[in-house]
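Since the structure comes first, as structure tokens, the remarks are kept for the end.
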Ligand SMILES: Cc1cc2nc3c(=O)[nH]c(=O)nc-3n(C[C@H](O)[C@H](O)[C@H](O)COP(=O)(O)OP(=O)(O)OC[C@H]3O[C@@H](n4cnc5c(N)ncnc54)[C@H](O)[C@@H]3O)c2cc1C
Ligand SMILES: Cc1cc2nc3c(=O)[nH]c(=O)nc-3n(C[C@H](O)[C@H](O)[C@H](O)COP(=O)(O)OP(=O)(O)OC[C@H]3O[C@@H](n4cnc5c(N)ncnc54)[C@H](O)[C@@H]3O)c2cc1C
Ligand SMILES: Cc1cc2nc3c(=O)[nH]c(=O)nc-3n(C[C@H](O)[C@H](O)[C@H](O)COP(=O)(O)O)c2cc1C
Ligand SMILES: Cc1cc2nc3c(=O)[nH]c(=O)nc-3n(C[C@H](O)[C@H](O)[C@H](O)COP(=O)(O)O)c2cc1C
Ligand code: FES
Ligand code: FES
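Protein chains in written order, with this note's numbering: chain A, 139 to 398; chain B, 139 to 398; chain C, 139 to 437; chain D, 139 to 437.
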């Protein structure tokens, strides 16, 4: 049940270079949050009419809401100045999350800050499996120990080879898929990251005949389905197409739904 | 010689309720400043395109620039958040100040934050005299001890009677003028404050046949004479009229120059 | 606080701007929509319309530029999917309509006249984000007159053309619209605008151009409302850059009978209610007993 | 970095916008004005003109609204009091001119043609702050054509009409002006705007209405420049909301040959030089050897 809550910053911690974890007290919001849902943040210090910024829920603990963010522009740079006690207006939880009862072996594929919803998911899924984390370099690989502490096996790939194996994360992904295939197991893919990654994961899900849950990252305005800024062409099971709103009808869609 | 200087805040101190003294390190600017001149301040924390705000120079000490301000709106409220070390972009010194060699007995008349340039002037005038300070209530009466320390006699009038005598500052002004008249002395008036006060002081200067220097407070944009936002109808000695710019041709004008 | 907006009976002078509040339901969990004077919904035409490709918006100083391109479910889809909720609110529903021909506008109006719960029609003749229709109609007084007359013949619903701001003389459009049978006028729509990404050297919006909204356009809107009020014989609904009660009160003083909150909904969804409360407080403080006392009270 | 703006030979593409930089001298202690591509001075008419009563400006989100009302010293006063300094700069001087009749415009142009050091004339046909002249001329293509032709007959100086932004189709004005003999075009002037003090219920500006400038209008200006460039056969001087190199580069990509910095001068007097350096750096970074490579390079 979405709410517009005045959260209090508890604190933030630097992760790798450019990435931060932000904890806020968000009573009424945090408790209701599901993995894959997001919040819409009114960043303090921007002009009064600056648009809100959407962030996946990285986790919750009681009434504590956890976000993980990368400083990429005006808003996220400004978020960096938040100190404990600062009030932040947050709408959430928004959107539909990942399904929590997978039919197959869960296989998580994260790109950059895409780990955020997957880390939350990892703690809520009934069975543990493998998490693949990709990024340009070591700095873009986050939450590894968090996944491990939850009992997940983590494999890392970086494009520059500064951490894990060198190359795209789709390489270990294909290996994992082959392994599961040999073992006779059906995988179930969960992914969040840049469009290129999501597309690659989706194609593999379709090829493997398994479900692939993709969390889309689209620029948003309202976050609640009112403005039609974040639309995505989608396909129904009967093959007919429709235009969905990533904020309200997503951000998580099954690979087959998406018309890229 | 005007400059655009990045000043460093040294500190600010609360005076009466709503009034503050702000000290900044302004090398190259402070040393050149004359009483009656002003600075144009780019208030940090307002949006990037917010107009600069003009403030009289309250005093200087070496390279230290002193302002006295009243919190009346967006800009001055934001100035309140300045802490030591903060950079502030300041253009100055601007405009023409008061003459420093009066022909008569100096008589200073201040209204509210109008004390600022007069306190600076009081320290630079060769002879000391009387300062009249008026305001709505005790909170609007500032810098009394500063004037006294410089050897000036201070008389206070407040509209609500909360400090000094009750009523407008023109009442003690008329008394002082009568006293000087009886003593056979020619006064020379220096005033800064709201238009109503300046007009009243100007009328008395004309009546008393003495010079009256009035520092005008007009909303400004450029502060250097380029935009024509701050104009004032003026009269030349030959009686012809012209349109002056308060920022560049003033802010100090002799009473007879001003066409109200 | 009652206002009669050319036959649309509003219990207070505050509505939301078309396209910024969906069909009411989207924000219903965050805002008590039953407190609004009216709900104005996203623009619709006869058939479903896909709108423009993405990106459809970009943030700019003082607001945003959008080129949604009037995506919508068409009349049937709207009546079927969105009216049931809207009827439960008990609040007048203003439907923003458009078409690519006079016939389409008229047909949309005719069909909506038969939909229970529709209280009035806002004729969008000023959208900068569609190739045909929209702004093309709104910038020629004769085209406005002819279009309004055509729609007038098709419906008895209160008819409120929404005027384009990018004209030298708004009065011509006010006169043209009211003489052709408009019951009220809405202004302003977004200002045609464009943003270029200097690294890619491409327009940021897929549609290239879009419409500027938000506080940046408020002083422009006030000027147009004030000018329109000088010749208007019908009530005006004003919008453009309202972020709080102050901007809304400026519009009322300038001559508007009611106001609509747009872009600000995205930042604070309760802006419309804050505006409402602020107007109430202002009227009380100034001893005015009706919004009408404020409308056009510029000294 | 050289640019030929319809006969005005600029050593770089950056000038200042009329009315925001006085006559050059006022800012000369804060800015090295000799580095500018040109200096554009405040609008003048034949005789001295007092301008509007105060207040003449008000701050708004994203900019300001001004109604200076074209106060100026007249042609003689300008030539006598301001040209001597301007000549010492060695920088082309663009004089912004206006009048209340075609004859006055033409006469101002004729007289200025005889003033040594005047490099070009910017025809202000778009000022929203004077009752006659200004915007009244600029919003009718036929009036623009006739006026430009009249001034054309009066001078050989490069002629650059400054177009009004509050029109539905800027292309009509571009065509009208260039066919009548314009050598370049300037756009945009301020957007007509108004601010009301809700406590006094009076317009804040003594002139009631004024012109909106600053970043708020930048996306509107980019759109108009881009549209104008589609039919322009003469170079364009673009302005409106430049606060740094980015906004200027957007204008160049959209089709401008040169840019003017306006309101931003008031906040940071060196904005024009920052813009200049930023354009230089951009050209270097993108391996472009002339401004012309950027002009109209929108993909
Ligand atoms: C559902 C969802 C979940 C997200 N989760 C996370 C997360 O957990 N951690 C994280 O670091 N980032 C996340 N993002 C991306 C995040 O929203 C952007 O990085 C952020 O908005 C950038 O703001 P800015 O002001 O710093 O950037 P600027 O580039 O200055 O922003 C300008 C505008 O573009 C928008 N924008 C820019 N980049 C993006 C983007 N990638 N996605 C959406 N809007 C963008 C901004 O919201 C703003 O409106 C998520 C995005 C979506 C849609
Ligand atoms: C030559 C000169 C000297 C001044 N000296 C002092 C001083 O020593 N101490 C002091 O406290 N104040 C002084 N002022 C007034 C001071 O400039 C304003 O109080 C200040 O600009 C208000 O800014 P704001 O953002 O808080 O108010 P807002 O009302 O939010 O400002 C809105 C706009 O109006 C302008 N404005 C508002 N009030 C005034 C005003 N009274 N005068 C000029 N512009 C105004 C602001 O600059 C701004 O552009 C002086 C003004 C002038 C012209
Ligand atoms: C995202 C968005 C979508 C809009 N859609 C429509 C629309 O469908 N029909 C219409 O007439 N106006 C539409 N508008 C214009 C608004 O209704 C309003 O006129 C304009 O935004 C000015 O108000 P504001 O500054 O308060 O946003 C839209 C505006 C925005 C920002
Ligand atoms: C205070 C002020 C005075 C102006 N005076 C003139 C003028 O005399 N003639 C003119 O053509 N434009 C005048 N303008 C308009 C500017 O030249 C420019 O077109 C407009 O401000 C847009 O640019 P900006 O947003 O960078 O300020 C003036 C603008 C301002 C703010
Ligand atoms: S962001 Fe508004 S509909 Fe999705
Ligand atoms: S403030 Fe610009 S001329 Fe005085």
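A virtual CB, placed ideally from N, CA and C, is assigned to each residue, including glycine.
Requested in this report: Examine chain C for any beta-carbon lying closer than 8 Å to the beta-carbon of residue 140/A, and answer yes or no.
Outcome: True, the Cβ-Cβ gap to chain C drops below 8 Å.
Query raised in the report: What does residue 319/B touch in chain D if you count any residue whose Cβ is under 8 Å from its own?
Result: Contact of residue 319/B with chain D by beta-carbon distance below 8 Å is absent, the smallest such distance being about 36 Å.
Query raised in the report: Rounded C-beta distance between residue 263/D and residue 285/D? I'm assuming under 8 Å.
Result: Rounded, the Cβ-Cβ distance is 6 Å, consistent with contact.
Query raised in the report: Mind pulling the chain D residues with CB within less than 9 Å of residue 236/C?
Result: Contact note: residue 236/C does not reach chain D at a C-beta cutoff of 9 Å; the least C-beta distance is about 17 Å.
**Report entry** residue 423/C to residue 277/D span [Cα, whole Å]
**Finding:** So the two alpha carbons sit approximately 42 Å from each other.
Query raised in the report: Taking Cβ-Cβ distances below 8 Å as the criterion, which residues of the region 163-190 of chain A are in contact with chain C?
Result: Here the close residues are 180, 185, 186, 187, 188, 189 and 190.
Query raised in the report: For chain C, is any of its Cβ atoms less than 8 Å away from the one on residue 377/D?
Result: No, its Cβ sits nowhere closer than 8 Å to a Cβ of chain C.
Report task. In the DSSP assignment, find the unbroken alpha helix (DSSP H) run with residue 400/A in it and report its ends. Result -> Chain A is shown only over 139 to 398; residue 400/A falls outside these bounds and no answer can be derived.
Query raised in the report: Under 8 Å between the Cβ atoms of residue 221/C and residue 253/C?
Result: Contact flag set, yes.
Requested in this report: Within 10 angstroms of the Cβ of residue 369/C, are there 16 or more other Cβ atoms? Answer buried if so, exposed if not.
Outcome: The residue in question, residue 369/C, is exposed, as its Cβ has fewer than 16 Cβ neighbours within 10 Å.
Query - The beta strand (DSSP E) enclosing residue 357/C, as first and last residue numbers - result: Per DSSP, residue 357/C belongs to no beta strand (DSSP E); it is in the alpha helix (DSSP H), 356-367.
Query raised in the report: DSSP state of residue 403/D, grouped into three classes?
Result: For residue 403/D, the secondary structure class from DSSP, reduced to helix, strand or coil, is helix.
Report task. Using alpha carbons as the reference points, say which of 268/B, 161/B, 334/B and 146/B lies closest to residue 226/B. Result -> Nearest C-alpha to residue 226/B: 146/B.
Requested in this report: Using DSSP bridges, identify the partner residues of residue 283/A.
Outcome: Its beta-bridge partners do not exist; DSSP assigns none.
Query raised in the report: Identify the residues that DSSP records as bridge partners of residue 157/A: which are they?
Result: Beta-bridge pairing links residue 157/A to 208/A.
**Report entry** Same chain, Cβ closer than 7 Å to residue 398/A, neighbours up to 5 away in sequence not counted
**Finding:** 337.
Requested in this report: Please write down, chain order preserved, every residue whose beta carbon lies under 5 Å from a heavy atom of ligand 2.
Outcome: Result: 176/B, 189/B, 191/B, 192/B, 193/B, 194/B, 207/B, 208/B, 210/B, 211/B, 212/B, 213/B, 214/B, 251/B, 254/B, 355/B, 357/B, 389/B and 197/D.
Query raised in the report: Does at least one heavy atom of ligand 4 sit under 7 Å from the Cβ of residue 146/D?
Result: Because no heavy atom of ligand 4 lies under 7 Å away, the Cβ of residue 146/D does not count as near it: no.
**Report entry** Proximal residues of chain B, C-beta to C-beta of residue 188/D below 9 Å
**Finding:** What residue 188/D touches in chain B: 369, 371 and 381.
Query - Rounded C-alpha distance that separates residue 355/A from residue 291/A - result: Roughly 25 Å between the two C-alpha positions.
Report task. Using the Cα positions of residue 146/C and residue 420/C, report the straight-line distance between them to the nearest angstrom. Result -> Taking the straight line from one Cα to the other gives about 24 Å.
Query - DSSP three-state assignment for residue 391/A, whether helix, strand or coil - result: In the displayed model, residue 391/A falls within a strand according to three-state DSSP.
Query - Buried versus exposed call for residue 151/B [16 or more other C-beta atoms within 10 Å across all chains shown] - result: It is exposed - the Cβ of residue 151/B has fewer than 16 other Cβ atoms within 10 Å.
**Report entry** Integer-rounded CB distance, given that residue 354/C should sit under 8 Å from residue 376/C
**Finding:** Not really, about 16 Å apart at Cβ, beyond 8 Å.
Report task. Consult DSSP for residue 180/A and reduce its assignment to one of helix, strand or coil. Result -> Secondary structure at residue 180/A: strand, using DSSP grouped into helix, strand and coil.
Query - Reference residue 156/D; option with closest CA among 233/D, 281/D and 415/D - result: Among 233/D, 281/D and 415/D, the Cα nearest to that of residue 156/D belongs to 233/D.
Report task. Have a look at residue 459/C and residue 188/B and give me their C-alpha separation to the nearest angstrom. Result -> Outside the shown range of chain C (139 to 437) lies residue 459/C, about which nothing can therefore be said.
Query raised in the report: Hey, residue 150/D and residue 348/D are a contact pair by Cβ (cut 8 Å); roughly how many whole angstroms apart?
Result: Taking C-beta atoms under 8 Å as the contact rule, residue 150/D and residue 348/D fail to qualify, at a distance of about 31 Å.
**Report entry** Cβ-Cβ distance between residue 363/A and residue 383/A below 8 Å
**Finding:** Between residue 363/A and residue 383/A, the C-beta gap is smaller than 8 Å, which places the two residues in contact.
Requested in this report: Rank 360/A, 381/A and 351/A by C-alpha distance to the C-alpha of residue 234/A and give the top, closest one.
Outcome: Comparing Cα-Cα distances from residue 234/A to each of 360/A, 381/A and 351/A, the minimum goes to 351/A.
Query raised in the report: Which residue or residues does DSSP assign as beta-bridge partners of residue 148/B?
Result: DSSP output for residue 148/B lists no bridge partner at all.
Query raised in the report: With 16 other CB atoms within 10 Å as the buried threshold, where does residue 427/C fall?
Result: With fewer than 16 other Cβ atoms from the protein chains shown falling within 10 Å of its own Cβ, residue 427/C counts as exposed.
Query raised in the report: What residue does the alpha helix (DSSP H) around residue 315/C start on, and which one ends it?
Result: Taken as a continuous stretch (DSSP letters only), the alpha helix (DSSP H) holding residue 315/C covers 308-317.
Query raised in the report: Is DSSP giving residue 221/C helix, strand or coil here?
Result: Note: residue 221/C maps to helix in three-state DSSP.
Report task. Step through the CB atoms of chain E and report whether any lies within less than 8 Å of the CB of residue 191/C. Result -> No chain E appears in the structure shown, which is made up of the protein chains A, B, C and D.
Query raised in the report: What does DSSP give as the partner residues of residue 98/A in its beta bridges?
Result: What is shown of chain A runs 139 to 398, which leaves residue 98/A out entirely.
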